[in-house]
Every structure is written in structure tokens, then in C-alpha cells.
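Numbering (my numbering), first residue to last: 190 to 619.
Following: one structure in C-alpha cells, then a few remarks.
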Amino acid sequence: MSQTESTTSPETKASPWWQRIPLTLQILIALVVAVSVGIALGAGNPNPSNATLINNLAIPAELVLKALRALATPLILVAVLHTLMTTNIPGTAGRRLAVLLLTNTTVAILVGLLVANVLRPGTWGNVTTSTSTEITPQSLDPWGILKDAVPEAVLKPLVDNNVIQLIVIALSFGIVLRGLKSEQITQGKNGYQPIEDVIGILFEAVVRILNWVIALVPFAVFGIVAKTIAMQGFAPFKSLGAFIVAVLLALVLQACYYLTRVKFGSWVHPLKFLTGGSDAFLTAFSTSSSAAAMPVTFEVLQTKVGLRESSAALGALVGANFNNDGTALYEAMSALYISQLIGQHLSLGQQLIVILTSIFASVGAANIPNAGLVTMTLVFTSVGLPTQYIALLVTVDWFLDRCRTAINVMGDMTVSALLDGKKPRSVDEA
Ligand code: ASP
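Next up, the structure:
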């Protein structure tokens with residue numbers, strides 16, 4: 190499933206020809222046209238008479254980012270509620286699952302921050318700091334973080350785009366609704382059903398609106414790239430290249446961490462894990478959606494890797510809804526990269542806030558294309574980073590999304606293998 194196809198409906202068949210061009214190709218075309226326009230407009234030496242035109246080129250990116258920021262909170266809220274109401278998590282295994290998910294995500298973020306701190310990709314090129322940059326210095330205040338986790342009003346996190354408070358609200362309501370649902374089921378009642386249906390429909394609605402916004406991404410990419418080249422030449426893209434390399438390196442390190450855990454924590458041989466899981470990785474890479482890859486992941490875990498159905502289901506079907514290690518790693522790295530690029534140093538305390546918000550943002554990122562880009566706005570806001578720089582990342586997200594989605598799926602598979610334990614399934618269990 191691609192971005193434009195993720196909510197395919199019968200009427201999509203009659204869609205105009207340009208909507209049938211894959212989004213990746215549309216973005217590549219936008220990039221090529223943008224480079225030519227940027228060069229024509231001065232490539233770093235713009236003619237002052239073109240200033241208004243060049244500035245207006247950023248409008249589509251600003252609109253797309255505004256829409257993404259607006260969609261972030263409802264997306265997280267309904268995604269978490271939907272998952273909690275509809276998935277089946279057994280008690281003890283559920284606790285073990287939660288510990289595994291939290292450990293893997295924390296490791297992923299630490300790997301991302303380590304690579305970004307060592308390679309410092311944001312310092313590989315210059316970008317003029319926008320005048321509208323708001324710098325909000327923050328220091329580490331654990332008590333403050335805890336105090337801030339409790340919202341003043343139930344709907345306030347939705348308005349303030351506060352990811353930690355939002356997750357607190359989503360988890361509280363999700364856990365309570367889940368409890369009410371199971372109480373009603375044991376009493377033979379079904380009053381919970383309309384609420385579950387409404388949440389399901391709202392989730393689908395938010396995803397569809399998100400797809401409209403995503404369809405505009407090629408225009409945003411065109412505008413922001415043309416403007417950046419016209420104003421600053423190619424220097425900023427040098428650092429973007431360094432950022433891609435840094436993210437890929439961090440994702441590879443995360444994959445090595447998974448293989449090590451599989452080797453020492455389960456009966457599965459890492460090579461079998463890699464070859465058996467290749468269909469799932471490829472599906473994730475080609476669709477940019479771990480939700481689209483989910484049935485394949487579940488299938489290969491049982492048939493090609495040889496795990497028990499229960500472990501495959503817990504990791505690939507349940508865990509997958511909360512577990513987005515590649516996304517968490519990417520969001521933390523993006524925050525650090527942009528802070529380096531604009532020279533807004535993030536203190537250790539702020540990096541801890543980045544870790545915390547990236548965990549929450551990745552939990553809330555739906556398993557659909559570009560969801561990480563949406564929730565990233567919340568990570569940026571938490572440490573006072575200007576979200577308009579996310580526009581720069583939009584230009585490479587079509588590729589990095591694929592890579593982090595493959596790692597998201599690999600993370601789910603690792604959790605399944607670890608839950609399967611050190612003893613292979615016996616012939617009678619097969
Ligand atoms: N596309 C990712 C996934 O489906 C989420 C993200 O955008 O990071 O897992």
C-alpha cells in the first residue's frame with residue numbers, strides 16, 4: 190500500500206491520471222523541477238526583485254506542516270484508543286511484551302542520539318536561520334516533566350499539541366474503555382460496541398485526511414527545495430546527505446542490536462531470522478507501512494522462521510501497534526539534526542526530553558506511511574525547536590520512511606522471537 194493507496198476506496202479507480210503516479214515518483218519529479226527553478230532563481234545569489242516570489246514558494250510547505258501539526262494529536266489519540274479497544278493482550282505475556290517494547294525503543298533512541306552526536310550531520314552544511322525561529326531554552330527538570338504530564342483539562346493536550354499529556358489521556362481512556370468492554374462481554378452485554386465503532390471510524394477518517402495532506406507533499410517539496418536552492422544554493426543539502434547517511438547507519442546498528450538479542454535471547458538463528466523475515470522487510474520497505482506488512486510478518490514468523498502462533502501474534506499483531514523503534518530513532522535524530530543545523534544547542538536535559546517525547550510519539554505513530562513525520566512535530570515542540578524545519582526533512586522522508594518502517598517490522602519480529610523463548614516449537618505444537 191502506498192501513501193495514496195492506503196485508504197483505497199472503489200472511487201479511487203476513477204481518479205485522475207496524476208493521482209495514479211506513485212507518490213515517490215511525484216516527489217522525485219518535484220525535486221528535479223525544484224532544482225531547475227532554484228538554479229534559475231539564483232542558486233544562492235537571488236535577484237532582490239524575485240524576493241517575494243522566492244518567499245512565496247515556501248507557502249505549500251508551511252500549509253502542509255500546519256496541517257500535519259493539526260492532525261498529530263487526533264491521530265495519536267484515536268490510534269492509541271483504537272489499539273487498546275481492539276487488541277487482545279493476555280496478562281503475563283502482556284507485561285513481558287511491554288518491557289521488551291520499552292527496552293527496544295529506548296535502545297533505538299539512544300543509538301540514534303549517539304550517532305547524531307558523534308557524526309553531527311547538521312554541521313556538514315550551512316543553513317541560514319529563519320528569522321521566525323523561536324528559541325525556548327529549557328533545562329532538565331524531572332519534577333517539571335512529571336508535573337507537566339498531568340493536563341489541566343482533558344482536551345487541553347489536543348489544543349496545546351502536548352504529546353506526553355496526550356498519551357496520558359489516551360492511555361487512561363483506552364485502559365478504562367478496554368476494562369469496560371471486557372466487563373460487558375462477561376455480562377453478555379454489548380453497549381461498548383457503538384463506542385468501538387465510532388473510534389474505528391474516527392481513526393479511518395483521520396487517516397484519510399492525512400492522505401489528502403500527504404498527496405500535497407510533492408508541492409511542498411518543490412516549494413521548499415526551490416526556495417532553499419534559490420536563497421542558499423546547495424549547501425543545506427550537503428548536510429541533508431550526511432543526515433541520510435547517519436540515519437541509515439543508526440538503523441543498521443539497531444538491526445545489529447536486534448540480531449544480537451535474537452541470538453542470545455531466543456532459539457532462532459539470526460541468519461534464519463533474516464532470510465525467513467525477508468518478505469516482511471521487503472513489504473515494509475516497499476509500502477512504507479508496517480500495518481500493510483503486518484499479515485506478511487505474522488505469516489513468515491510462523492512458516493519461515495518457525496515461531497509459535499502465540500508469539501508471532503503478540504509481537505507482529507499486538508506489539509506492532511505500539512512498537513515503532515525505527516520511528517522513535519528517526520524522530521530523536523531529526524530533532525538533534527535540526528538543532529545542529531540551526532545552531533540551537535540541545536542540552537543533555539533537552540535530549541532527555543527528546544527521548545521521552547520520542548518514545549511517546551512513536552507509540553502514537555500509526556503504522557501508516559509518513560506517520561512519523563506527523564508526530565515529529567510534537568517532539569520538536571517539546572524542546573522549542575522550530576517546526577518549519579521539518580519541511581526540509583519532508584524532502585527525504587519518502588526514502589527514510591521506507592527504511593525505518595523495515596526496522597519497525599524487524600523490531601516486532603525480534604519481540605516475537607524473544608517471546609518464543611529458547612526452546613523451538615515441538616512437532617506436536619506445529
Ligand atoms: N511508516 C511507518 C510505519 O508504518 C511509520 C512512520 O512514519 O514512521 O511503521
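Backbone N, C-alpha and C fix where the C-beta goes; we use that ideal spot for every residue, glycine too.
Discussion item. If distances are taken between C-alpha atoms only, which option among G466, A595, N236 comes closest to V441?
Written reply: A595
Discussion item. If you follow the alpha helix (DSSP H) that W587 is in, where does it begin and where does it stop?
Written reply: 579 to 609
Item to complete: Take the Cβ of D601 as the centre, count every other Cβ of all protein chains shown within 10 Å, and call the residue buried at 16 or more, exposed below.
Response: buried
Discussion item. Whole angstroms are fine: how far does the CA of V436 sit from the CA of T603?
Written reply: 20 Å
Fill in: Best match in L299, V406, F549 for proximity to V269 [C-alpha to C-alpha]
F549
Worksheet item: Relative to the ligand ASP, is the shortest distance from any of its heavy atoms to the C-beta of T603 smaller than 7 Å?
Response: no
Worksheet item: For G377, does the three-state DSSP call read helix, strand or coil?
Response: coil
Worksheet item: Using 8 Å as the Cβ pair cut-off and three pairs as the minimum, do the stretch 520 to 534 and the stretch 574 to 582 touch?
Response: yes
Worksheet item: Between the C-alpha atoms of P613 and F462, what's the straight-line distance to the nearest angstrom?
Response: 13 Å
Worksheet item: Helix or strand or just coil, what does DSSP make of T196?
Response: With a pLDDT of 41 at T196, under the threshold of 50, the predicted position of this residue should be treated as unreliable, though the coordinate-derived value follows. In the structure shown, T196 sits in coil (DSSP, three-state: anything other than H, G, I, E or B).
Discussion item. Count Cβ pairs between the stretch 391 to 407 and the stretch 288 to 303 that sit closer than 8 Å; are there 3 or more?
Written reply: no
Practice prompt. Tell me whether the beta-carbon of S605 lies closer than 8 Å to the beta-carbon of I557.
Written response: no
Practice prompt. Classify V434 as buried or exposed, calling it buried when 16 or more other Cβ atoms lie within 10 Å of its own Cβ.
Written response: exposed
Discussion item. So the candidates are R450, V572, L399, L273; which of them puts its Cα closest to the Cα of L366?
Written reply: L273
Worksheet item: How many angstroms separate the CA atom of M599 from the CA atom of G504?
Response: 10 Å
Practice prompt. Would you mind giving the Cβ-Cβ distance between I398 and L562, rounded to the nearest angstrom? I have them listed as a contact below 8 Å.
Written response: So it is not a contact: roughly 15 Å between Cβ atoms.
Item to complete: For G422, collect the residues of the same chain with a Cβ closer than 6 Å to its Cβ; drop the 5 residues on either side in sequence, then sort them by chain order.
Response: A232, G233
Discussion item. Taking its Cβ as the centre, do 16 or more other Cβ atoms sit within 10 Å of K416, making it buried, or is it exposed?
Written reply: buried
Worksheet item: Exposed or buried, which one is R265 when buried takes at least 16 other CB atoms within 10 Å?
Response: In the sequence as presented, Arg is not what sits at residue 265; that position holds Ile. Answer is buried; the Cβ neighbour count reaches 16.
Worksheet entry | DSSP-derived helix/strand/coil call for S321 | Per-residue confidence for S321 stands at a pLDDT of 42, beneath the threshold of 50, marking its modelled position as unreliable; the derived number appears in the next sentence. Coil.
Worksheet item: Between A554 and F411, is the Cβ-Cβ spacing less than 8 Å?
Response: no
Discussion item. On the DSSP letters alone, give me the boundaries of the alpha helix (DSSP H) that V485 sits inside.
Written reply: 479 to 492
Practice prompt. Kindly indicate which three-state DSSP category R284 falls into: helix, strand or coil?
Written response: helix
Discussion item. Please report the distance separating the alpha-carbon of R209 from that of Q215.
Written reply: 10 Å
Practice prompt. With distances taken Cα to Cα, identify the nearest neighbour of G311 among Q529, T570, I356.
Written response: Q529
Fill in: 7 Å Cβ shell around L369 - same chain, five flanking residues per side excluded
Y381
Worksheet entry | Where L589 falls, given that 16 or more other Cβ within 10 Å makes a residue buried | buried
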